[in-house]
Amino acid sequence: MARLKRISGCSVALFAVLVMATPAFAQAGSESSASWFRFGPVTLSIAGAAIAVILSGIGSAVGIGYAGRASLGAMSEGTKDFAKYLMLTALPGTQGIYGFVAAFLVLLWSGIMAGDTAALTVDKGWQFFCASLPVAFAGLFSAIQQGKVCASGVNMTTKQPTEVGKALVLGVFVEFYAVLGLLITILLLISIRG
Amino acid sequence: MDLSEITFKDDTRYAYAVGRVRALETKLFTRADFSRLLEAADFPQALRLLAELGYPVSEEIREYEPVLEAEQRAALILLDNLSEDDGLVEIFRRRYDYHNLKVLLKGKHSGQELKRATMDLGLVSVDDLAEAVMGEEVGELPETLARAMAGAEAAFAESNAPQELDVAVDKEQYDFMSQVLRRLENSFLQTWLIWEVDLQNIKTFLRLRWLDENVKLLERDMLPGGSLGTGFFREIREEPLDVLAQTFTMTPYGKAVAEGISQLKAKKSFASLERICDDLLIQFLKRSREASFGAEPVIAYLLLKEFEIRAVRAVLVGKLNDLPKEKIRERLPSEYV
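Protein chains in written order, with the numbering used here: chain B, 24 to 217; chain Y, 26 to 362.
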């Protein structure tokens, strides 16, 4: 829980830095604002892509860590259900992939990948940034919780190997909210792209 | 502490440990395993069965105690390896130091060689402890053991009663355990300790009440750290046995005490009461299956393994003495028969 609070705190701080650093803010503020501190539309779009990958990636890594450690614990005592444990351990990994897909779309549709950012305004940059947030945060929190559900599923499967299906279904329930996050991110990106 | 007050900490440091313990739990003896052991024709066959069930019995072993000690040692080493909290290793291994201290003190004052009854599973080696006990030099001993030894010697010097040695060491042990568990803020383990102390005190109380011992012994023998204080037992001391059962209805032990008293009256033996109390603790420990992360399943496994080893010892002693299986069965927790 403390770790989640730290991650959330860092994300909010990053968001605040970006707001303060955009040209509109920088100009309204003191004249002495250094030019390197003023983020333009390209930087904002890249920040959006980065945050989508970073947060959902952290979530997946932590979630897989929980389920993986539980699986290794069970297998270290000679339990031979590797295939079942593999499915449960891999499940929290999908959020990282969702974050990657969202980041790829941001980079593609903002024109950064093609090197054509002439039409990118600060507004658009902000829009790309905000569109990345649903998959980033939904991925972060759902992957961690899914890792816990899957670790419990591993423990249940160790005792009742035939019940692995139930453990997987309950794990997938958590996945649903990461999928919703990705869906909204994609819809927002489509609408920004026009 | 009530069961509803137990909260399991989401301590993800124990993710690997819990996974491993869940696998080990599938190897704990079931009713079917104990039933096979009870059916064994004699002691050697029971030992062979024990080997089949995974205990480290080799061909040349004729004694059961080294086998059980090896199994116990394996469970403690597992705790050493899996525990993320030093305090847990300390209290659960320290229990063997207190046990050894009691044995050595009794040996010293009775003039008997009791070292055979010690178990080298604690944090202080039996030799070091024996040296301290014989030389009355507590300099090298951890503070709690030194305190227990000094307290026991003082109590014995006053009364010359060997039971005083046990009582003084037990009191220090439970005091030390509740202090460490309070520091660890683990409600499951704190409640387990409270239940263990309460049940121990209830058994002591009923034994004193049954034997009509005086109230002074009650105050001497009550262990600290439970939810039912000496005052509670002093108040109900004069109640008839039938009424006594009702005075516990507001505690989690109501049903167990009522059943224990009725068995005590019917069989004039404390074996059933012991068994009922063990059942209650085993049921409590099984609640650890609700925890997915945390130290609770690890400790619960260790304690359930200890119950299993104790039950195996009862079966083997029974087989060695050619007791009928019904007699042995009566001594085993209902979980196993």
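Even glycine gets a Cβ: it sits at the ideal position worked out from N, Cα and C.
Provide the residue span of the alpha helix (DSSP H) that contains residue i, from first to last.
i      : result
B/Y121 : T117 to W132
B/I167 : V145 to K182
Y/M144 : Looking at the DSSP string, Y/M144 is not in any alpha helix (DSSP H), and its letter there is neither H nor E.
Y/D152 : V151 to G160
Y/Q198 : P187 to L209
B/S83  : P64 to M98
Y/G346 : Reading the sequence as shown, one finds Asn at residue 346 of chain Y and not Gly. Looking at the DSSP string, Y/N346 is not in any alpha helix (DSSP H), and its letter there is neither H nor E.
Y/V92  : E90 to L107
Y/A238 : In the sequence as displayed, the identity of residue 238 of chain Y is Glu instead of Ala. No alpha helix (DSSP H) contains Y/E238, which DSSP labels as neither H nor E.
Y/G251 : Per DSSP, Y/G251 belongs to no alpha helix (DSSP H) and is neither H nor E.
Y/F59  : R56 to E64
B/I215 : V187 to R216
Y/T37  : Note, Y/T37: premise wrong, no alpha helix (DSSP H); not H, not E.
Y/V268 : L266 to T272
Can you pull the chain B residues whose beta carbon is under 9 Å from the beta carbon of residue i, in chain order?
i      : result
Y/T51  : E100, T102, T181 and K182
Y/T169 : Simply none; closest approach about 32 Å.
I'd like to know whether the C-beta of residue i is nearer than 8 Å to at least one C-beta of chain Y.
i      : result
B/S53  : Unreliable placement is indicated for B/S53, whose pLDDT of 47 sits below 50; the coordinate value is still reported in the next sentence. Chain Y contact via Cβ: absent.
B/A142 : no
B/R216 : no
B/K189 : no
B/A84  : no
B/K107 : no
B/A93  : yes
B/S56  : Low per-residue confidence applies at B/S56: pLDDT is 49, beneath 50, and the placement is therefore not dependable enough to give any value.
Mind listing the chain Y neighbours of residue i? Cutoff is C-beta to C-beta under 8 Å, in chain order.
i     : result
B/G96 : A40, Y41, A42, V43, G44, R45, V46, R47 and A48
Does any C-beta atom of chain B lie closer than 8 Å to the C-beta of residue i?
i      : result
Y/S317 : yes
Y/L310 : no
Y/I31  : no
Which residues in chain B sit within 7 Å of residue i, going by Cβ to Cβ distance?
i     : result
Y/T37 : Y89
Assuming residue i and residue j are in contact, meaning their beta carbons sit under 8 Å apart, how far apart are those beta carbons, in whole angstroms?
i      : j      : result
B/A97  : Y/R207 : That pair is no contact at about 32 Å.
Y/R45  : B/S175 : Wrong, their Cβ atoms sit about 15 Å apart, outside the cutoff.
Y/E50  : Y/Y326 : 6 Å
B/A161 : B/G204 : 3 Å
Y/F230 : Y/F258 : 5 Å
B/N178 : Y/V323 : Going by Cβ atoms, the distance from B/N178 to Y/V323 rounds to 12 Å, so no, they are not a contact pair.
Y/E77  : Y/V205 : Not quite, the Cβ-Cβ distance comes to about 38 Å (not below 8 Å), so this is no contact.
B/L95  : Y/Y41  : 6 Å
Y/L130 : Y/V149 : Going by Cβ atoms, the distance from Y/L130 to Y/V149 rounds to 14 Å, so no, they are not a contact pair.
For residue i, return the contacting residues in chain Y, with the cut-off set at a CB-CB distance below 7 Å.
i      : result
B/A166 : The premise fails here: B/A166 is roughly 13 Å from chain Y at the closest Cβ pair, so nothing lies under 7 Å.
B/V177 : G44
B/K171 : S317
Name, please, each residue of chain Y whose Cβ falls closer than 9 Å to the Cβ of residue i.
i      : result
B/A174 : T37, A40, V43, G44, S317 and F318
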